[in-house]
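**Student:** Right, I'll just put the structure down here and ask away after.
In our numbering, the protein residues as written are 222 to 274.
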């Protein structure tokens with residue numbers, strides 16, 4: 222019984238995580254972040270600009 226619940230929770234967590242990456246982050250951006258973590262690509266610094274009138 223405990224294994225069945227643990228398996229269900231694990232599957233649910235995996236599905237929610239995959240849908241979150243698909244809908245909110247995007248697989249391309251996630252792949253770029255892993256490349257930066259592994260040292261294959263340099264990190265980009267994005268500076269925002271808010272004009273004041």
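For every residue, glycine included, the Cβ atom is placed at its ideal position computed from N, Cα and C.
What does the alpha-carbon distance come out to for the pair residue 247 and residue 271?
**Tutor:** Your numbering for residue 247 matches position 26 in the chain shown. Your numbering for residue 271 matches position 50 in the chain shown. So the two alpha carbons sit approximately 26 Å from each other.
**Student:** Per DSSP, what kind of secondary structure is residue 247 in: helix, strand or coil?
**Tutor:** Locating residue 247 in the chain shown gives position 26, counting from the first residue. Three-state DSSP puts residue 247 in coil, outside helix and strand.
**Student:** Cβ atoms of residue 250 and residue 256: under 8 Å apart, would you say?
**Tutor:** On the chain shown, position 35 is the one that residue 256 refers to. On the chain shown, position 29 is the one that residue 250 refers to. Not closer than 8 Å, so no.
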